[in-house]
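Line by line, the protein sequences give chains A and B. Here the first sequence is numbered in my numbering, starting from 1 and rising by one per residue. Here the second sequence is numbered in my numbering, starting from 375 and rising by one per residue. Note that beta-carbon positions come from the ideal geometry of N, C-alpha and C, so glycine has one too. These notes concern the structure reproduced below.
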Amino acid sequence: MVSMFDVHEMEVNFGPQHPSTHGVLRVILKIDGERIVDAKPIIGYLHRGTEKLFENMSYPMCIPHTDRMDYVASATNNLGFVETVEKLMGITKQIPRRAQLMRVMLSELQRISSHLLWLATHAIDIGAMTPFFYCFREREQVLDLFEEYCGARLTLNCMRIGGMPDDLPPDWLDGVEKFVDKFEAAVDEYESLLTNNRIWKKRTVGIGVISPEDAIDWGITGPPLRGSGVEWDLRRAQPYECYPELQFEIPIGKNGDTYDRYLVRMEEMRQSNWILKQCIPLVKATPAGDIKAKISKVVRPPEGEVYHSIESPKGELGYYIVADGKTQMAYRCHVRPPSFVNLQALPAMAKGHLVSDLVALIGTIDIVLGEVDR
Amino acid sequence: MPEPLMRYLIWPLVKFLVAFIVVQVIVAAMNWIERRLLGLMQARLGPNRVGREFGIPWGLAQIIADPIKFILKEDIVPSSSEKVAYFLGPMLPLIPAFLVFCLIPYGPPPTFVVTHVNVGLLLILALTSTGVYGIILGGWASNNKYSLMGGLRSAAQMVSYEVPFGLSIVGVLMLCGSFDLVRIINYQADHIWNLFPQLIAAFIFLVAMNAENNRTPFDLPEAESELVAGYHTEYSAMKFAFFMLAEYSSMIVNCCLMVSLFFGGWTLAINGYGLTTGALRSMGLAGGILGALIFITKVMVFMLMYIWFRATFPRFRFDQLMDLGWKWMIPLALANIAVTAIVVLLGQELNFQGEVVLSIAGAAIIAFTLYLLLRPRAKVIHARRVSEA
Numbered sequence: 001m002v003s004m005f006d007v008h009e010m011e012v013n014f015g016p017q018h019p020s021t022h023g024v025l026r027v028i029l030k031i032d033g034e035r036i037v038d039a040k041p042i043i044g045y046l047h048r049g050t051e052k053l054f055e056n057m058s059y060p061m062c063i064p065h066t067d068r069m070d071y072v073a074s075a076t077n078n079l080g081f082v083e084t085v086e087k088l089m090g091i092t093k094q095i096p097r098r099a100q101l102m103r104v105m106l107s108e109l110q111r112i113s114s115h116l117l118w119l120a121t122h123a124i125d126i127g128a129m130t131p132f133f134y135c136f137r138e139r140e141q142v143l144d145l146f147e148e149y150c151g152a153r154l155t156l157n158c159m160r161i162g163g164m165p166d167d168l169p170p171d172w173l174d175g176v177e178k179f180v181d182k183f184e185a186a187v188d189e190y191e192s193l194l195t196n197n198r199i200w201k202k203r204t205v206g207i208g209v210i211s212p213e214d215a216i217d218w219g220i221t222g223p224p225l226r227g228s229g230v231e232w233d234l235r236r237a238q239p240y241e242c243y244p245e246l247q248f249e250i251p252i253g254k255n256g257d258t259y260d261r262y263l264v265r266m267e268e269m270r271q272s273n274w275i276l277k278q279c280i281p282l283v284k285a286t287p288a289g290d291i292k293a294k295i296s297k298v299v300r301p302p303e304g305e306v307y308h309s310i311e312s313p314k315g316e317l318g319y320y321i322v323a324d325g326k327t328q329m330a331y332r333c334h335v336r337p338p339s340f341v342n343l344q345a346l347p348a349m350a351k352g353h354l355v356s357d358l359v360a361l362i363g364t365i366d367i368v369l370g371e372v373d374r
Numbered sequence: 375m376p377e378p379l380m381r382y383l384i385w386p387l388v389k390f391l392v393a394f395i396v397v398q399v400i401v402a403a404m405n406w407i408e409r410r411l412l413g414l415m416q417a418r419l420g421p422n423r424v425g426r427e428f429g430i431p432w433g434l435a436q437i438i439a440d441p442i443k444f445i446l447k448e449d450i451v452p453s454s455s456e457k458v459a460y461f462l463g464p465m466l467p468l469i470p471a472f473l474v475f476c477l478i479p480y481g482p483p484p485t486f487v488v489t490h491v492n493v494g495l496l497l498i499l500a501l502t503s504t505g506v507y508g509i510i511l512g513g514w515a516s517n518n519k520y521s522l523m524g525g526l527r528s529a530a531q532m533v534s535y536e537v538p539f540g541l542s543i544v545g546v547l548m549l550c551g552s553f554d555l556v557r558i559i560n561y562q563a564d565h566i567w568n569l570f571p572q573l574i575a576a577f578i579f580l581v582a583m584n585a586e587n588n589r590t591p592f593d594l595p596e597a598e599s600e601l602v603a604g605y606h607t608e609y610s611a612m613k614f615a616f617f618m619l620a621e622y623s624s625m626i627v628n629c630c631l632m633v634s635l636f637f638g639g640w641t642l643a644i645n646g647y648g649l650t651t652g653a654l655r656s657m658g659l660a661g662g663i664l665g666a667l668i669f670i671t672k673v674m675v676f677m678l679m680y681i682w683f684r685a686t687f688p689r690f691r692f693d694q695l696m697d698l699g700w701k702w703m704i705p706l707a708l709a710n711i712a713v714t715a716i717v718v719l720l721g722q723e724l725n726f727q728g729e730v731v732l733s734i735a736g737a738a739i740i741a742f743t744l745y746l747l748l749r750p751r752a753k754v755i756h757a758r759r760v761s762e763a
């Protein structure tokens, strides 16, 4: 078609150093005015060869490295890895109940803190400044709880193959109880700023719609999948630890847009809070100190391969380990990070939207580049 | 010294300098006030340390520390920038922003009015609308795609919102029958604050002035999360400070206009009772200072409103901003003009006071809005749970 005007598309480098690419994501944008013609994510700026590293160190030594993949949700990374190795060794049933409950509590606290960080950055990307500080206020309390348990705040290294490293500190459960009692009101506070806000709705409703079929085809998991209305949560679908005996609901969206994904994550925080509430009396009922299965100090799984996945805050976090049965090291370890798979949908979601929507979309996928690049 | 020289040159110059210095102090203080107030609203402290060594409380020395920092920082000029335009960018918005301060009446005339121009309002509108050139120029000259987009957004936004901004004033002009800010203020003291008869205009003015100053929720030209820093991405040190100075100065100008047009300026009177210009004048210099204080207090209320908005709202998207401007604000402003014109004319023909009718309507709208705000809230929307679906 011959146009009256000479139309140029502008190519913009969105990242890797950009305030709202959440790390080092680089998106090459072709824009026509403000409208996105094409968005091409380029990843790999944070590649550290984690999977290769796993082949050269014993299984317990791998755990701190899993911390550094999704560095805002390290407890669930630990959980996925130790469970996979346990499955490979066939000792899943031997994990003491107290250790299981502690794992569940830590991962639910981690889910809350990860979602808080997501909400904070998502809101500030869309221009709402205040929720950022409110979310960090509560996240700080979660991190304090982590610090009290294992000494670290972000890279927790808080689980071991066969159980937990230490028993809970004396007053830890009271601290959790205090947090849990207040947290529901805090979520209401964030919602009062955003959920019914007209501008917030204008920026999120109908943005980046993913149909349930597309979501399944792309392999999207976690809140983005549930936001599209698919009821799929590995805590229910492939239960692990003591999730079967805990009560919680799976929130799902209707339209699969950014607003629905927002609502789903907000509700997930409430549900995690509910799970924590249930866990506290259960942990109190178990004998103190019973936190480790009686297994050999040397972790040497038999020859074989295994894939195991858990529901991390961002979706299905899976580990695939091949063991040769002779050494204490994995022959091959592959990680299936949810952010990496979910990020694939970005070009299709962004096409036709405006530049402003791109930051909302990056926010709504909730990526962590440490996990994408590994 | 010959009398005309004193009257037309020296006195205005002295008065302008005084007003200028007072306003610049307010601008510098606004930086600190904004950060502290945002801190209060956001569960943190804000700058509260600078000056502790010298016994200055609450981090107040931040007001002095910031300009010193701006002056001492390295002034970086990108090698691929258009040098002349890059230099002019930050300077241009400063000129109208400063010039406007000699047109605003801060207190009862003649002492507290720098220059009494009978088309003062028109002149202010003309001057403030030139502020956008510097931003476009700076954005373009930086030779940076983000800056360019910021500049373009700013151009589109300011041009679009200039229209409702100007249109919202027309109703006030029809009621008061003058472009002279002093007469507009006196009219309000003798009748009622224009807020009531021109409620819709005041609302449009409030929104448009936020958009004019690129403040949240209309801060698209410098949208931090999208365009890094928009048009001033490449600016550092004092050049960046000039952009900021211009922005805060024009914020104050717009607040002054808001107060003068809709909130009775330096007076505190209704229907001629209270602190009218005459009453203040009869008190001599003390009355003048009182008037100026009333004026500054009212202006500060609106300055704080800017900060409150910033803490509350997310940012509009570019097309939504244009929609709001062209599809809502402009038709609304035009409708307001039509209604005001009809009521005023009918009032003249049928011998009733037009502004009384309009005021009652305005008060009714305020009451209704308050009812909407204070009634029990709708239930918070939740994501569907599986058990409900």
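Going by DSSP, G304 (chain A) is part of the beta strand (DSSP E) stretching over G304 to S312. Look at K30 (chain A) here: in three-state DSSP terms it is strand. Excluding five sequence positions before and after R98 (chain A), the CB atoms of its chain that fall closer than 6 Å to its own CB belong to T286, D290 and I291, given in chain order.
At least one C-beta of chain B is nearer than 8 Å to the C-beta of S20 (chain A). Contact note: G49 (chain A) does not reach chain B at a C-beta cutoff of 8 Å; the least C-beta distance is about 31 Å.
For N13 (chain A), the enclosing beta strand (DSSP E) begins and ends at M10 to F14.
In the three-state reduction of the DSSP assignment, L434 (chain B) falls in the coil class, being assigned neither a helical nor a strand state. Taking 7 Å as the Cβ-Cβ cut-off, the segment 396-411 of chain B has no residue approaching chain A. Selection B:L387, B:G413 and B:F444 evaluated against A402 (chain B) yields B:F444 as nearest (Cα-Cα). A Cβ-Cβ separation of about 6 Å places L101 (chain A) in contact with C279 (chain A) under the 8 Å criterion.
Under the DSSP definition of a beta bridge, R160 (chain A) partners with A:G163. For E598 (chain B), the C-beta contacts it makes with chain A under 7 Å involve P19, in order along the chain.
Closest by C-alpha distance to A741 (chain B), out of B:S624, B:L573, B:V730 and B:I670, is B:L573. Ranked by Cα distance from P41 (chain A), the options A:R235, A:C158 and A:L29 are led by A:L29. Identification of residues in the segment 164-192 of chain A having a C-beta nearer than 9 Å to some C-beta of chain B yields D188, E191 and S192, given in sequence order. Between F132 (chain A) and I124 (chain A), the C-beta spacing is below 8 Å. When DSSP states are grouped into helix, strand and coil, K40 (chain A) belongs to the strand group.
At a C-beta separation below 8 Å, S356 (chain A) has these neighbours in chain B: L594, A597, E600, R689, R691 and F692. Around the C-beta of S656 (chain B), fewer than 16 other C-beta atoms lie within 10 Å, and the residue is accordingly described as exposed. The C-beta of T327 (chain A) has fewer than 16 other C-beta atoms within 10 Å across all chains shown, which makes the residue exposed. As a beta-bridge residue in DSSP terms, Y320 (chain A) pairs with A:Y307 and A:H334. For L642 (chain B), the uninterrupted beta strand (DSSP E) segment begins and ends at L642 to I644. For L649 (chain B), no alpha helix (DSSP H) encloses it; the enclosing beta strand (DSSP E) starts and ends at Y647 to L649.
Residue range W385 to M415 is occupied by the alpha helix (DSSP H) that includes R410 (chain B). Only T590, P591, D593 and L594 from the segment 565-595 of chain B bring a Cβ to less than 8 Å from some Cβ of chain A. Ranking B:L379, B:E408, B:L649 and B:V491 by CA distance to the CA of M679 (chain B) puts B:E408 first. Contacts between M415 (chain B) and chain A, judged by CB atoms closer than 8 Å, involve T130 in chain order. Excluding its 5 nearest sequence neighbours in each direction, Q436 (chain B) has C-beta neighbours in its own chain below 6 Å: W406, P421 and V424, listed in chain order.
Going by DSSP, D125 (chain A) is part of the alpha helix (DSSP H) stretching over R97 to D125. Contact between K314 (chain A) and S339 (chain A) holds, since their C-beta atoms are separated by about 5 Å, short of 8 Å. In chain B, no part has a C-beta under 9 Å from the C-beta of Y243 (chain A); the shortest such distance is about 15 Å.
Comparing alpha carbon positions, the residue from B:V493, B:G646 and B:H606 closest to I450 (chain B) is B:H606.
The beta-carbon of T686 (chain B) is placed less than 8 Å from the nearest beta-carbon of chain A. Residue environment analysis places V176 (chain A) among the buried positions, since at least 16 neighbouring C-beta atoms fall within 10 angstroms of its C-beta. Nearest Cα to V717 (chain B) within the set B:Q416, B:L724, B:G728 and B:L522: B:G728. For the segment 508-531 of chain B, the residues whose beta carbon sits under 9 Å from a beta carbon of chain A are, in order, K519, Y520, L522, M523, L526 and R527.
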